[in-house]
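Chains as they are written, first to last, in our numbering: chain Y, 5 to 317; chain C, 330 to 601.
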């Protein structure tokens with residue numbers, strides 16, 4: 005009993021809590037249903053669990069995981085860079101910069117990513133040669149597009165451009181969430197606009213940006229399963245599907261894919277938690293004392309107790 | 330006024346000699362709203378100038394013009410003899426060339442400013458707040474900036490809270506850190522924009538004491554405040570503004586205790 009922690013108040017109330025039969029009945033029904041599903045999952049021979057187990061560690065599957073993660077990472081990096089540029093352009097005083105940013109978001113957010121990926125797969129047909137030179141003038145160097153932009157690059161570009169359009173709005177709202185007084189204080193210290201953006205605005209905007217950015221990353225991981233539209237054929241979804249077609253066992257390979265996607269999204273969610281904590285430093289809603297905050301963080305049991313991590317960056 | 334003070338020794342102010350701030354014929358419009366209607370004001374080096382006036386009289390706007398947080402439509406501001414915001418000489422066609430962001434930033438770096446709402450950087454500790462500008466604007470080595478920041482936090486009585494984030498500090502403590510932050514760039518001039526207006530009454534004193542200490546060290550200051558006691562105690566010059574013009578200016582004893590205009594007398598009555 006936690007009784008010894010409390011102050012010694014005489015005649016403390018010993019309350020009998022209200023009984024909720026409805027909740028109890030509902031819980032029993034749900035528990036039975038869950039048990040039935042679990043039973044069906046394990047006992048249904050059609051799942052072919054031995055095949056699942058066999059292919060869970062297949063070389064092609066592991067390679068597929070690698071490519072899926074690589075696609076996710078590169079597309080998110082490309083998307084974030086594009087989005088940051090677009091978000092800053094969106095707030096520019098020059099109407100050309102604002103207009104281009106608006107058009108980019110309009111186009112790439114309005115077309116399904118699957119359609120965009122097919123387009124990027126066909127870009128070599130559209131522009132067989134890409135060159136570097138004077139705009140509308142002579143070219144100095146020419147590249148064969150199909151060699152320059154392979155299936156992997158096309159997949160990254162397609163996913164990244166699409167993601168950039170979504171992230172641009174997220175980043176813009178993040179930048180706008182930073183109090184105007186912050187910029188003024190930084191200006192008054194003699195900081196230049198680029199320095200203010202880098203040192204003051206972006207670190208504070210990150211607190212607002214990180215949660216949706218994490219969701220977008222997890223979304224991107226799942227969206228990579230569409231790269232067969234390019235077609236790129238080495239990601240987890242395509243790899244498991246190819247095996248399934250070869251051995252005529254679609255369901256166990258789907259389970260393999262689902263299992264690994266779940267593992268990857270879970271890992272990403274853990275990473276997101278740590279990022280949110282890092283960028284949330286200095287912002288506390290509950291309790292103004294640092295000890296309280298640290299205690300709360302420690303109580304969550306998800307971190308090591310190391311306050312130095314929070315003090316110095 | 331204290332024209333007899335001629336030495337810089339001890340706690341005496343340096344002589345009230347060369348002008349630090351010269352404002353002439355300043356006009357400021359927000360759209361159709363005429364906020365400042367021809368302001369003339371001179372603050373000498375080492376002088377503490379307190380701006381008084383009802384809200385909406387334009388005193389905060391005037392302060393923000395000095396640090397170029399606001400643009401102005403007519404007139405001229407000089408800080409340390411240097412024209413603020415524009416090139417020294419007009420172009421052949423009579424227009425004035427605006428300074429670049431970089432040049433403006435360099436001018437601002439010489440002027441410290443303290444805001445009503447503190448505006449500390451919430452993602453940095455008190456120490457990091459004070460170190461930020463010296464490191465990234467002044468290009469001071471980190472160790473040196475840290476030593477100087479620690480010294481400044483000590484001076485405002487915040488050394489023991491150096492590793493705390495602003496959200497973990499009281500309003501008065503935050504404002505003291507903000508003063509240390511503004512001092513870290515070794516400014517020639519300090520601007521205070523109602524530094525105690527956002528504070529709970531019991532926290533006003535600690536901040537005013539830090540500002541008084543700064544005034545006694547000979548810092549040139551332009552202070553917008555409603556604290557008459559503070560004005561009486563540390564100001565060399567008190568300027569009363571109303572409706573965008575300077576109504577009365579002079580020594581505190583003269584302006585606060587013997588107002589000559591009915592406008593100022595009304596204001597003093599409502600504040601006291």
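Heads up, the beta-carbon is just placed ideally off N, CA and C, and yes, glycines get one too.
Alpha carbon of residue 554 (chain C) to alpha carbon of residue 580 (chain C), nearest angstrom: Translated into positions along the second chain, residue 554 (chain C) becomes position 225. Translated into positions along the second chain, residue 580 (chain C) becomes position 251. Whole-angstrom Cα-Cα distance: 16 Å.
Three CB pairs or more closer than 8 Å across the region 122 to 140 of chain Y and the region 151 to 162 of chain Y: Touching, yes.
For residue 489 (chain C), the three-state DSSP class (helix, strand or coil): Against the second chain, residue 489 (chain C) aligns to sequence position 160. If DSSP states are grouped into helix, strand and coil, residue 489 (chain C) belongs with the helices.
Interfacial residues, the region 177 to 198 of chain Y to chain C, with Cβ spacing under 7 Å: For the region 177 to 198 of chain Y, which is checked against every Cβ of chain C, the residues closer than 7 Å are 185, 186, 188, 189, 191, 192, 193, 194, 195, 196, 197.
Runs of alpha helix (DSSP H) wholly within the region 56 to 99 of chain Y (minimum 4 residues, chain order): DSSP runs (the alpha helix (DSSP H)) wholly in the region 56 to 99 of chain Y: 63 to 94.
Beta-carbon spacing of residue 52 (chain Y), residue 255 (chain Y) below 9 Å: For the purposes of this step, residue 52 (chain Y) is identified with residue 48 of the first chain, where counting begins at 1. For the purposes of this step, residue 255 (chain Y) is identified with residue 251 of the first chain, where counting begins at 1. Taking 9 Å as the Cβ cut-off, residue 52 (chain Y) and residue 255 (chain Y) qualify as a contacting pair.
Contacts of residue 398 (chain C) in chain Y (Cβ-Cβ under 8 Å): What you label residue 398 (chain C) is simply residue 69 of the second chain in a count that begins at 1. What residue 398 (chain C) touches in chain Y: 188, 191, 192.
Test item: CB-CB of residue 82 (chain Y) and residue 178 (chain Y) under 9 Å: Here residue 82 (chain Y) corresponds to residue number 78 of the first chain, with the count starting at 1. Here residue 178 (chain Y) corresponds to residue number 174 of the first chain, with the count starting at 1. Against a cut-off of 9 Å, the Cβ pair of residue 178 (chain Y) and residue 82 (chain Y) comes out as no contact.
9 Å Cβ cutoff, residue 426 (chain C) in contact with chain Y: In the second chain, residue 426 (chain C) corresponds to position 97, counting from 1. No, residue 426 (chain C) lies away from the interface with chain Y (no Cβ there is under 9 Å from its Cβ).
Extent of the continuous beta strand (DSSP E) run through residue 373 (chain C): By one-based count along the second chain, residue 373 (chain C) stands at place 44. Residues 362 to 373.
Pairwise C-alpha distance: residue 370 (chain C) and residue 311 (chain Y): Numbered from its first residue, the first chain carries residue 311 (chain Y) at position 307. Numbered from its first residue, the second chain carries residue 370 (chain C) at position 41. Caution applies to residue 311 (chain Y), whose pLDDT of 43 falls short of 50 and renders its modelled position unreliable; the model cannot decide the point.
Straight-line Cα distance separating residue 381 (chain C) from residue 464 (chain C): If you number the second chain from 1, residue 464 (chain C) lands on position 135. If you number the second chain from 1, residue 381 (chain C) lands on position 52. Approximately 35 Å, taken between the alpha carbons.
Residue-chain proximity (residue 286 (chain Y), chain C), Cβ-Cβ < 9 Å: Mapped onto the first chain, residue 286 (chain Y) falls at position 282. By this cut-off, residue 286 (chain Y) is an interface position.
Of the listed residues C:347, C:359, C:364, nearest to residue 575 (chain C) (C-alpha basis): Here residue 575 (chain C) refers to the residue found at position 246 when the second chain is read from its first residue. Looking at the Cα atoms, C:364 is the closest of the given residues.
Interface flag, residue 539 (chain C) vs chain Y, CB-CB below 9 Å: Within the second chain, the letter at position 210 stands for residue 539 (chain C). Residue 539 (chain C) is outside the set of residues whose beta carbon lies under 9 Å from a beta carbon in chain Y.
Neighbourhood of residue 72 (chain Y) by C-beta, 6 Å cutoff - its chain only, sequence neighbours within 5 removed: Numbered from 1 along the first chain, position 68 holds the residue referred to as residue 72 (chain Y). Here the set comprises 228, 239, 240.
Same chain, Cβ closer than 7 Å to residue 4 (chain Y), five either side skipped, listed in chain order: A query on residue 4 (chain Y) cannot be resolved here, the shown segment of chain Y reaching from 5 to 317 and no further.
Exposure of residue 490 (chain C), with buried meaning 16 or more beta-carbon neighbours within 10 Å: Here residue 490 (chain C) corresponds to residue number 161 of the second chain, with the count starting at 1. Classification of residue 490 (chain C): buried, given that the 10 Å Cβ count is 16 or more.
C-beta atoms of residue 387 (chain C) and residue 357 (chain C) nearer than 9 Å: The residue given as residue 387 (chain C) occupies position 58 in the second chain. The residue given as residue 357 (chain C) occupies position 28 in the second chain. It is a contact, given that the beta carbons lie within the stated cut-off.
Interface residues of chain Y facing residue 592 (chain C) [CB-CB closer than 7 Å]: As a first step, residue 592 (chain C) must be located in the second chain, where it is residue number 263. Going along chain Y, no residue has its Cβ under 7 Å from residue 592 (chain C), so there is no contact; the nearest lies around 31 Å.
C-beta neighbour in chain C for residue 129 (chain Y), strict 9 Å: Indexing the first chain from 1 puts residue 129 (chain Y) at position 125. The beta carbon of residue 129 (chain Y) sits no closer than 9 Å to any beta carbon of chain C.
Local Cβ density within 10 Å of residue 136 (chain Y), reported as buried at 16 or more and exposed below that: Walking along the first chain from the start, residue 136 (chain Y) turns up at place 132. Residue 136 (chain Y) should be labelled exposed.
Beta-carbon contacts of residue 450 (chain C) that lie in its chain and below 8 Å, excluding the five residues immediately before and after: For the purposes of this step, residue 450 (chain C) is taken as residue 121 along the second chain, with counting starting at 1. 457, 458, 461, 495, listed in sequence order.
N- and C-terminal bounds of the alpha helix (DSSP H) containing residue 397 (chain C): Counted from its first residue, the second chain places residue 397 (chain C) at position 68. DSSP places residue 397 (chain C) outside any alpha helix (DSSP H), giving it a letter other than H or E.
Beta-bridge pairing of residue 440 (chain C) - partner residues as DSSP gives them: In the second chain, counting from the first residue as 1, residue 440 (chain C) sits at position 111. C:518.
Start and end residues, alpha helix (DSSP H) containing residue 586 (chain C): Against the second chain, residue 586 (chain C) aligns to sequence position 257. Counted as a single uninterrupted DSSP element, the alpha helix (DSSP H) harbouring residue 586 (chain C) occupies residues 581 to 586.
Chain Y contacts from the region 481 to 506 of chain C (Cβ-Cβ distance under 7 Å): Per Cβ criterion, the list reads 492, 493, 494, 495, 496, 497.
Nonlocal neighbours in the same chain, by C-beta distance under 8 Å from residue 541 (chain C), ignoring five residues either side: Translated into positions along the second chain, residue 541 (chain C) becomes position 212. The residues 559, 562, 563, in chain order, have a CB closer than 8 Å to that of residue 541 (chain C) in the same chain once the five nearest residues on each side in sequence are set aside.
Bounding residues of the alpha helix (DSSP H) (the contiguous stretch that carries residue 268 (chain Y)): Here residue 268 (chain Y) refers to the residue found at position 264 when the first chain is read from its first residue. Here the alpha helix (DSSP H) through residue 268 (chain Y) covers 254 to 283.
Chain Y contact residues for residue 430 (chain C), given Cβ-Cβ distances below 7 Å: Position 101 of the second chain, counting from 1, holds the residue named residue 430 (chain C). Against chain Y, a Cβ distance below 7 Å from residue 430 (chain C) picks out 196, 197.
Nearest-angstrom Cα separation, counted from residue 64 (chain Y) out to residue 152 (chain Y): Residue mapping note: residue 152 (chain Y) aligns to position 148 of the first chain, counting from 1. Residue mapping note: residue 64 (chain Y) aligns to position 60 of the first chain, counting from 1. Residue 152 (chain Y) and residue 64 (chain Y): Cα-Cα distance of roughly 26 Å.
Exposed unless 16 or more other CB atoms sit within 10 angstroms - verdict on residue 330 (chain C): Counting from one through the second chain, the residue named residue 330 (chain C) turns up at place 1. Only weak support exists for where residue 330 (chain C) lies, its pLDDT of 39 falling under 50; the value from the coordinates is given anyway. Residue 330 (chain C) should be labelled exposed.
Own chain residues within Cβ distance below 6 Å of residue 284 (chain Y), not counting five before or after: Within the first chain, numbered from 1, the residue matching residue 284 (chain Y) stands at position 280. Once the five neighbours on either side are set aside, the close Cβ partners of residue 284 (chain Y) are 211.
Assigned secondary structure, residue 473 (chain C) (DSSP; H/G/I helix, E/B strand, else coil): Numbered from 1 along the second chain, position 144 holds the residue referred to as residue 473 (chain C). Residue 473 (chain C) falls in the helix class under three-state DSSP.
Residue 493 (chain C), buried or exposed, once every other Cβ within 10 Å from all chains shown has been counted against 16: Indexing the second chain from 1 puts residue 493 (chain C) at position 164. Residue 493 (chain C) comes out buried.
Minimum Cβ-Cβ distance from residue 213 (chain Y) to chain C less than 9 Å: As a position in the first chain, residue 213 (chain Y) is number 209, starting the count at 1. Taking Cβ atoms only, chain C never reaches closer than 9 Å to residue 213 (chain Y), which makes this a no.
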